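Down below is the structure, laid out as structure tokens.
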Amino acid sequence: MALRQILHHPDPRLRQKALAVTRFDAALASLVDDMFETMYDAPGIGLAATQIDVQQRVIVVDTSSDKQSPLCFINPSILELRGVEEMEEGCLSVPGIFDYVERAQWVRIAAVERDGTPFEFEADGLLAVCIQHEMDHLDGKLFVDYLSQLKQTRIRKKLEKEQRLAG
Ligand code: NI
Numbered sequence: 557m558a559l560r561q562i563l564h565h566p567d568p569r570l571r572q573k574a575l576a577v578t579r580f581d582a583a584l585a586s587l588v589d590d591m592f593e594t595m596y597d598a599p600g601i602g603l604a605a606t607q608i609d610v611q612q613r614v615i616v617v618d619t620s621s622d623k624q625s626p627l628c629f630i631n632p633s634i635l636e637l638r639g640v641e642e643m644e645e646g647c648l649s650v651p652g653i654f655d656y657v658e659r660a661q662w663v664r665i666a667a668v669e670r671d672g673t674p675f676e677f678e679a680d681g682l683l684a685v686c687i688q689h690e691m692d693h694l695d696g697k698l699f700v701d702y703l704s705q706l707k708q709t710r711i712r713k714k715l716e717k718e719q720r721l722a723g
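Sequential numbering of the sequence shown, starting at 557, is according to the numbering used here.
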């Protein structure tokens with residue numbers, strides 16, 4: 557396993573639309589292992605392949621408090637959304653920024669296991685929000701896109717400045 561570097565907003569590579577996974581091979585298994593390692597190390601509760609510059613539709617999530625509930629969704633798609641929930645979100649690609657975003661309170665999704673087996677999954681609350689956030693990454697979307705233009709400009713300038721200072 558290996559830690560992968562996480563891209564930071566406004567890196568244009570975060571805006572790419574990821575491609576569906578078609579090969580369920582050892583390379584995919586090692587990508588998933590690396591994503592879990594990178595997410596837990598960060599530490600974060602979710603990571604999309606887009607964030608480590610791999611343009612494939614893979615997300616990993618673990619919202620449990622003991623970090624013992626790893627979930628991996630390959631080629632995820634939304635089947636059903638219910639309710640509305642507003643939660644404060646953050647993102648490993650938008651460090652230091654937290655703000656409220658409105659999303660569905662409950663989701664049912666279809667996805668594929670790393671061995672290619674299709675399955676369906678239901679989630680609510682934090683896990684549902686996290687899944688929606690990570691799925692957005694696969695379409696090149698960030699949580700800050702839901703904020704006002706004024707906030708988006710401020711966040712972008714702040715992160716650009718920090719990246720300049722970091723060299
Ligand atoms: Ni994120």
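Each residue gets a CB set at the ideal place from its N, CA and C atoms; glycine is no exception. Remember, it's a predicted structure, so these values are computed and weren't measured experimentally.
* **Check: E644 C-beta below 8 Å from any heavy atom of the ligand NI** => no
* To do: Would you check if there are 3 or more beta carbon pairs closer than 8 Å linking the segment 614-623 to the segment 588-598?
  => yes
* To do: Under 6 Å Cβ to Cβ from D558, same chain only, skipping five residues before and after it: list those, please.
  => As written in the sequence, residue 558 is Ala, which differs from the Asp given in the question. D590.
* To do: Indicate whether the contact test is met: 3 or more Cβ pairs, each with one atom in the segment 640-655 and one in the segment 616-631, closer than 8 Å.
  => As far as the Cβ criterion goes, the segment 640-655 does not touch the segment 616-631, which means the pair count is below three.
* Asked: How long is the line joining the alpha carbons of Q624 and T594, rounded to whole angstroms?
  -> So the two alpha carbons sit approximately 15 Å from each other.
* Does the Cβ-Cβ distance between D680 and D692 come in under 9 Å? -> no
* Asked: CB of C628 to nearest heavy atom of the ligand NI: below 8 Å?
  -> no
* Asked: Less than 9 Å separating the beta-carbons of P651 and L715?
  -> Yes, Cβ-Cβ distance for P651 and L715 is below 9 Å.
* Asked: Hey, F654 and R664: beta-carbon distance below 9 Å or not?
  -> Result no, Cβ atoms of F654 and R664 do not sit closer than 9 Å.
* To do: Run through the segment 621-646 for me and flag every whole beta strand (DSSP E) of 3 or more residues, listed as ranges in chain order.
  => The segment 621-646 contains these whole beta strand (DSSP E) runs: 627-638 and 641-645.
* Asked: Should A684 be listed as close to the ligand PLP, given that the test is whether its C-beta is under 8 Å from any heavy atom?
  -> Of the ligands one can find in the structure shown, namely the ligand NI, none is the ligand PLP.
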